[in-house]
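Below is one structure; the comments refer to it alone.
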Amino acid sequence: MISYNGKEPPRDEMPDSKNDAMAVRRATACSGWTKSRRIVAILSYGCTFEAWCIDEIVVSYGSTFDAWCIDAIVVSIGSTFEAWCIDAIVVCIGSTFEAWCIDAIVVSYGCTFEARCIDAIVVSIGCTFEARCIDAIVVSIGSTFEAWCIDAIVVAFGCTFETWCIDAIVVSFGCTFEAWCIDAIIKVYSSLFIPLNLNY
Numbered sequence: 001m002i003s004y005n006g007k008e009p010p011r012d013e014m015p016d017s018k019n020d021a022m023a024v025r026r027a028t029a030c031s032g033w034t035k036s037r038r039i040v041a042i043l044s045y046g047c048t049f050e051a052w053c054i055d056e057i058v059v060s061y062g063s064t065f066d067a068w069c070i071d072a073i074v075v076s077i078g079s080t081f082e083a084w085c086i087d088a089i090v091v092c093i094g095s096t097f098e099a100w101c102i103d104a105i106v107v108s109y110g111c112t113f114e115a116r117c118i119d120a121i122v123v124s125i126g127c128t129f130e131a132r133c134i135d136a137i138v139v140s141i142g143s144t145f146e147a148w149c150i151d152a153i154v155v156a157f158g159c160t161f162e163t164w165c166i167d168a169i170v171v172s173f174g175c176t177f178e179a180w181c182i183d184a185i186i187k188v189y190s191s192l193f194i195p196l197n198l199n200y
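Using UniProt numbering, the first residue of the sequence shown is number 1, and each one after it goes up by one.
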């Protein structure tokens with residue numbers, strides 16, 4: 001299990017009893033409302049989670065997560081996440097993330113991220129990022145970035161950057177940069193730069 005980033009649950013949010021806390025361990029299909037300390041859900045459809053910990057969700061469709069911890073989500077479609085930590089999401093389509101930490105996203109399409117940290121995104125299309133840190137993005141098309149730090153972007157097309165620091169961009173086409181620091185740009189076409197500091 002992952003940590004709660006050094007914080008404990010509020011006492012008023014703790015389950016009333018041990019039986020209530022451990023009521024649901026595994027759900028093959030979830031439809032409706034579920035409250036438990038630990039949930040391992042194979043299929044989630046239109047569900048609301050208020051559990052302390054959700055270990056793994058293979059498919060999430062139109063669900064709302066208020067849990068403290070969500071470890072892994074394979075497919076997320078039109079879902080809202082308000083959990084403290086989401087470790088890995090393979091496919092994200094039209095979802096909103098307000099979790100503290102999202103470690104890896106393979107495919108992101110039309111999603112909004114307000115998490116504190118997004119480590120890696122392979123493909124980003126039409127997404128908005130408000131996280132504190134995005135480490136690597138391979139392909140970005142028509143995206144808006146408001147994160148604190150984006151380390152590397154291989155391809156950026158029609159994007160807007162308002163992050164503090166962008167380390168390297170291989171290809172930039174029609175982009176706007178308002179970051180504090182942009183270290184290296186290999187190719188730039190029709191780009192507008194409004195950085196506060198350039199180190200080259």
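For every residue, glycine included, the Cβ atom is placed at its ideal position computed from N, Cα and C. Just so you know, these numbers come straight off a predicted model, no measurement behind them.
Query, Result
"Own chain residues within Cβ distance below 6 angstroms of Ile73, not counting five before or after", "Ile57, Ser60, Ile89"
"Coil, strand or helix - Lys35 by DSSP", "coil"
"Coarse secondary structure for Val58, derived from DSSP in three states", "strand"
"Pair within 8 angstroms by beta-carbon distance, Ala120 and Ala99", "no"
"Close beta carbons around Arg116, own chain, < 7 angstroms, minus the five adjacent residues each side", "Trp100, Cys101, Ala131, Arg132"
"Secondary structure of Ser95, DSSP reduced to three states", "coil"
"Buried or exposed (CB count within 10 angstroms, at least 16 for buried), Ala184", "exposed"
"Status (buried if at least 16 other CB within 10 Å, exposed otherwise) for Ala179", "buried"
"Bridge partners - Ile118, DSSP secondary structure assignment", "Ile102, Ile134"
"Cutoff 6 angstroms; reference Trp52; Cβ partners in own chain excluding five residues on either side", "Arg37, Trp68"
"Residue range of the beta strand (DSSP E) that includes Ala72", "69-77"
"C-beta contact flag for Thr163 and Trp148 at 8 angstroms", "yes"
"First and last residue of the uninterrupted beta strand (DSSP E) at Ser172", "165-173"
"Inter-residue Cα distance where the pair is Val188 and Thr64", "40 angstroms"
"Rounded separation between Gly62 and Ile186 - CA only", "40 angstroms"
"Per-residue DSSP class, three states only, for Ala83", "coil"
"Under the three-state DSSP convention, the category Ser124 falls into", "strand"
"Beta-bridge partners of Ala29, as assigned by DSSP", "Leu43"
"Residue range of the unbroken beta strand (DSSP E) whose run includes Ala184", "181-189"
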